[in-house]
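Peer 1:
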Amino acid sequence: MTERAAFAAEKRGFQAEVKQLLHLMIHSLYSNREIFLRELVSNASDACDKLRFEALDNAALFETDSDLKIRVAFDKASRTLTISDNGIGMSREEAINHLGTIAKSGTKEFFSRLSGDQQKDASLIGQFGVGFYSAFIVADKVTVLTRRAGDAAEAGVKWECSMAGDEAGEYSVEPYAKALRGTDIILHLREGEDDLLSGYKLRSILRKYSDHIVQPILMQKEEWDAEKAENVFKDEDETINQANALWARSKNDITDDEYKAFYKHVSHDFEDPMAWTHARVEGRQEYTQLLYIPKRAPFDLWDRNPHHGLKLYVRRVFIMDDAEKLLPHYLRFVRGVVDSADLPLNISREILQESKDVDTIRGGCAKRILSLLEDLAENRKEDYAAFWSEFGRVLKEGLGEDMANKDKLAGLMRFASTHLDSAEESTSFKDYISRMKEGQEKVYYVTAESFNAAKNSPHLEVFRKKGIEVLLLSDRVDEWAISQLTEFDGKQVVSVAKGGLDLGALENEEEKKKVEEQAEEFKPLLEKLKTSLGERVKDVRVTHRLTDSPACLVVDEHEMGANLARLLKAAGQNMPTAAPILEINPGHPMLTRLKTEDTKFDDWAAVLFDQALLAEGGTLDDPSTFIKRMNQLMLDMAR
């Protein structure tokens, strides 16, 4: 046994976020109060899993009892309900850290999203995961007796918190001699919760929510006593759950309700999953995968230091939570279990990063999830639309991260389009191609910082005139993601704001000839504009992209787009960028005026460039000078 220094009893205040979460839970989650038992039993199961894992290197942690189990008991006289486990247990420091604080990244963002609507907040709290704190849904006082495996009995800890009276929001920690390792959570039930002091009620809740728990859940056996007209306890235990690994069972023997209940166990989500896939993979690598797609994105999906991943088991022995290397990063929203028959029991996170066997598992899991998404997209279109709304931006990252599955991912992409009426609607590359005009050989897209900016981009003017559909890309990840995709189904994917615009067969010879004639006619003006603007432009040329605007900015085909350059700059990465090309619309009155302008030519040229920059979402280096110049030019015209 490990000796730990004695510590003094003390009272401590909850972390502010815990107080807020407790208040929200008690008021928002009461309508689904039974989940408290699922959460506490799930935590007890995790504690047993963690002990089994740590005992791989130190069998002494089992002490004299290697039979891991969970026990549920109630006492009508004292009105208490107790959930006990003989798992890893907690030291004083761990009790304070786990029970008095919320050590989750993204906590601040989570609370900022709470609306005050109990129904909506309940769903969000479910995504956040409430675990131990769910005890306060039904209890006004909670006592935790715990001792870490391997510590001496005297190193036990008593943690206690009452939500009634002046002590609400505080908890006490004091030494407690605990002979057996593990944790006992004693709930002192609120008034009106007497139905939980019933073996029948507790068994029904456990079988409903926790039947899949790997460890046996024990309760003292009860038998009807006719004389007393009530159930009485027997001197033996009974196992309430099936107590086996659900993922190891045949798919034919598992009901949808069991799959859903297991998802809630591994994810701590309150909602059912959107879809799941369960398969046993055999060959060079042998493993079982049970993978789920949630209905909603977790609150910390975009956290820079996320803890997203799968539970890893080796031959049904728990190894680690959040094994992120079992999935590519763009699938970080997936939850579930992988159970390998080949990995070593002592595998670490460092070994996971370098293992070829893990690479094989990761590739297999990615393909399985993408196939599941393809099935959703084909056969459950409304569900896929809901999935895309929650996780589409994450999935787009895969275009640049997963070259092996790029074609599958491209087929799953969805984008707004000039063919559709709103930003909420989206289309696939496949559907876009089915609507292409006769003679059209390319898929066109435009990028901008918002849907409205993309929809109203001057680069779309000639496409509207000819009725050519253009994809509208406005997510921050879009331009980077789409740059990884040069074609789809044999059709080149091109930006309408890059390179010289070639509409191919969609542009007749008469139009081409007119552009050539205008380029020759405006050649002196082009040279004059280029001289006036100097280093601000790479070139000035006549365009046929525009029908209404006087000018627009474009970049060469293989250069970084202006929108991506702005995004990188906003992120603190000042990448070197080439000067843009100014394209002018020879049919616009402003350009006709410029042909004969002498005294204010430089001012007009600067305004022309700045307007084109603003139209595509850029920012001016010197807004004040722009305003002064515009005001002066308008005054001159009014005279």
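For the sequence shown, the working numbering gives the first residue as 146, with consecutive numbering after it.
Where is the CB? At the ideal position from N, CA and C, for every residue including glycine.
#1: I need the DSSP call for A284, collapsed to helix, strand or coil.
#2: By the three-class DSSP mapping on this structure, what secondary structure does W447 have?
#3: Identify which residue in S355, S534, E375 has its Cα closest to the Cα of H413.
#4: Excluding the 5 residues preceding and the 5 following D781 in the sequence, name in chain order all residues of the same chain whose CB lies nearer than 8 angstroms to its CB.
#5: Compare the Cα-Cα distances from F532 to each of T563, Q498, V479 and report the closest residue.
#6: Can you tell me the Cα-Cα spacing of S485 and D684, whole angstroms?
#7: Using C-beta distances below 7 angstroms, list every residue in its chain close to Y181, excluding the 5 sequence neighbours before and after it, in chain order.
#8: I need the boundaries of the alpha helix (DSSP H) containing D194, first residue and last residue.
#9: Does any heavy atom of the ligand ADP sit closer than 7 angstroms to the C-beta of M465?
#10: Taking 8 angstroms as the threshold (beta carbon to beta carbon), is L646 in contact with chain E?
#11: Quick one: using the 10 Å Cβ neighbour count with 16 as the cut-off for buried, is K470 buried or exposed?
#12: Does DSSP put K323 in a helix, a strand or coil?
#13: So the candidates are I726, I729, M705; which of them puts its Cα closest to the Cα of N719?
#14: Quick check on F574: does DSSP put it in helix, strand or coil?
#15: Would you call G271 buried or exposed, if buried means 16 or more other Cβ atoms sit within 10 Å of its Cβ?
#16: Can you give the Cα-Cα distance for Q777 and L736, rounded to whole angstroms?
#17: Going by the CB atoms, is the gap between A192 and G232 shorter than 8 angstroms?
#18: V186: which of E427, I215, V591, F198 sits nearest, CA to CA?
#19: Suppose contacts are defined by Cβ-Cβ distances below 8 angstroms. Is V302 in contact with I330 by that definition?
#20: Between the segment 337-353 and the segment 380-398, are three or more C-beta pairs nearer than 8 angstroms?
#21: Is it true that the CB of A568 sits closer than 8 angstroms to the CB of F536?
#22: Using 8 angstroms as the threshold, is the C-beta distance between V591 and I578 below it?
#23: Pairs of beta-carbons, one from the segment 403-420 and one from the segment 429-442, closer than 8 angstroms: are there three or more?
#24: What number of angstroms, rounded off, separates the C-alpha of D748 from the C-alpha of K636?
#25: Check for me: the alpha helix (DSSP H) holding T227 runs from which residue to which?
#26: When we look at the beta-carbon of L490 and count the other beta-carbons within 10 Å, is it buried (16 or more) or exposed?
#27: Does DSSP put I330 in a helix, in a strand, or in coil?
#28: Quick check: the Cα distance between S516 and E431, rounded to an integer number of angstroms?
#29: Do V539 and Y458 have their C-beta atoms closer together than 8 angstroms?
#30: When you compare only the Cα positions, how much space is there between T505 and R394?
#31: Using 8 angstroms as the threshold, is the C-beta distance between P725 and V699 below it?
#32: Excluding sequence positions up to five away, which residues of its chain have a Cβ less than 8 angstroms from the Cβ of D502?
#33: Specify the secondary structure class of Q585 as computed by DSSP and reduced to three states.
#34: According to DSSP, R480 sits in a beta bridge with which residue or residues?
#35: Measure from the alpha carbon of K551 to the alpha carbon of each residue in I627, R525, K673, then state which is nearest.
#36: Contact check, L793 vs G295 under 8 angstroms by CB: the rounded distance?
Peer 2: A quick look at the data gives this:
#1: By one-based count along the sequence shown, residue 284 stands at place 139. Reduced to three states, the DSSP call for A284 is strand.
#2: Reading the sequence shown from its first residue, position 302 is the one you call residue 447. Shown here, W447 sits in coil according to DSSP, grouped into three states, outside any helix or strand.
#3: The residue you call residue 413 lines up with position 268 of the sequence shown. For the residues S355, S534, E375, the minimum Cα distance to H413 belongs to S355.
#4: The residue given as residue 781 occupies position 636 in the sequence shown. Excluding sequence positions up to five before and after D781, its CB lies within less than 8 angstroms of the CB of K745, all in the same chain and listed in chain order.
#5: In the sequence shown, the residue the question calls residue 532 occupies position 387. Ranking the options by Cα distance to F532, first place goes to V479.
#6: Looking up residue 485 in the sequence shown gives position 340. Looking up residue 684 in the sequence shown gives position 539. In a straight line, the C-alpha of S485 is about 60 angstroms away from that of D684.
#7: Here the question's residue 181 lines up with position 36 in the sequence shown. Note on identity: in this sequence residue 181 is Phe, with Tyr being the wrong assignment. The answer, listed in chain order, is S279, A280, I282, V283.
#8: As a position in the sequence shown, residue 194 is number 49, starting the count at 1. For D194, the enclosing alpha helix (DSSP H) has its first and last residue at 180-199.
#9: Inclusion of the ligand ADP in the displayed structure is not the case, the ligand content being empty and no account of it being possible.
#10: In the structure shown, chain E does not exist; there is a single protein chain.
#11: Residue mapping note: residue 470 aligns to position 325 of the sequence shown, counting from 1. K470 is buried by the Cβ-count criterion.
#12: For the purposes of this step, residue 323 is taken as the residue at position 178 of the sequence shown. Here DSSP, grouped into helix, strand and coil, assigns K323 to coil.
#13: Translated into the one-based positions of the sequence shown, residue 719 becomes position 574. Across the set I726, I729, M705, the C-alpha of M705 shows the shortest separation from the C-alpha of N719.
#14: Residue 574 sits at position 429 when you count from the first residue of the sequence shown. Three-state result, F574: helix.
#15: For the purposes of this step, residue 271 is identified with residue 126 of the sequence shown, where counting begins at 1. Residue placement at G271 is poorly supported in this model, since its pLDDT is 47, which falls under 50; the coordinates are not used for a value here.
#16: Residue mapping note: residue 777 aligns to position 632 of the sequence shown, counting from 1. Residue mapping note: residue 736 aligns to position 591 of the sequence shown, counting from 1. CA-to-CA, the gap between Q777 and L736 works out to about 19 angstroms.
#17: Walking along the sequence shown from the start, residue 232 turns up at place 87. Walking along the sequence shown from the start, residue 192 turns up at place 47. Their beta carbons are under 8 angstroms apart, which means G232 touches A192 by this criterion.
#18: By one-based count along the sequence shown, residue 186 stands at place 41. Considering only alpha carbons, the answer is I215.
#19: Position 157 of the sequence shown, counted from the start, is the residue given in the question as residue 302. Position 185 of the sequence shown, counted from the start, is the residue given in the question as residue 330. No, the pair does not count as a contact, with Cβ atoms beyond the cut-off.
#20: Taking 8 angstroms as the limit for Cβ pairs, the verdict is that the segment 380-398 does touch the segment 337-353.
#21: Counting from 1 along the sequence shown, the entry for residue 536 is found at position 391. Counting from 1 along the sequence shown, the entry for residue 568 is found at position 423. Cβ atoms of F536 and A568: not closer than 8 angstroms.
#22: For the purposes of this step, residue 591 is taken as residue 446 along the sequence shown, with counting starting at 1. For the purposes of this step, residue 578 is taken as residue 433 along the sequence shown, with counting starting at 1. Judged by beta-carbon spacing, I578 lies beyond the 8 angstroms limit of V591, meaning their Cβ atoms are not closer than that value.
#23: Per the Cβ contact rule, the segment 403-420 is in contact with the segment 429-442 (3 or more Cβ pairs under 8 angstroms).
#24: Taking the first residue of the sequence shown as position 1, residue 748 is located at position 603. Taking the first residue of the sequence shown as position 1, residue 636 is located at position 491. Their backbone Cα atoms lie some 43 angstroms apart in a straight line.
#25: Position 82 of the sequence shown, counted from the first residue, corresponds to residue 227. Secondary structure note for T227: it is in no alpha helix (DSSP H), and the uninterrupted beta strand (DSSP E) holding it is 225-230.
#26: Mapped onto the sequence shown, residue 490 falls at position 345. That one is exposed.
#27: Within the sequence shown, residue 330 is the residue found at index 185, counting from 1. Strand.
#28: Taking the first residue of the sequence shown as 1, we reach residue 516 at position 371. Taking the first residue of the sequence shown as 1, we reach residue 431 at position 286. Between S516 and E431, the alpha-carbon positions lie close to 20 angstroms from each other.
#29: Here residue 539 corresponds to residue number 394 of the sequence shown, with the count starting at 1. Here residue 458 corresponds to residue number 313 of the sequence shown, with the count starting at 1. For V539 and Y458, no; Cβs fall outside 8 angstroms.
#30: Reading the sequence shown from its first residue, position 360 is the one you call residue 505. Reading the sequence shown from its first residue, position 249 is the one you call residue 394. A direct Cα-to-Cα measurement between T505 and R394 gives close to 23 angstroms.
#31: For this step, residue 725 is matched to residue 580 along the sequence shown. For this step, residue 699 is matched to residue 554 along the sequence shown. Yes.
#32: Numbered from 1 along the sequence shown, position 357 holds the residue referred to as residue 502. Only Q430, S485, D487, L488 meet the Cβ criterion.
#33: Counting from 1 along the sequence shown, the entry for residue 585 is found at position 440. Reduced to three states, the DSSP call for Q585 is coil.
#34: Here residue 480 refers to the residue found at position 335 of the sequence shown. In the DSSP assignment, R480 forms a beta bridge with Y437.
#35: Residue 551 sits at position 406 when you count from the first residue of the sequence shown. Ranking the options by Cα distance to K551, first place goes to I627.
#36: Beyond the ends of the chain as shown, which are 146 and 784, falls residue 793; an answer cannot be given.
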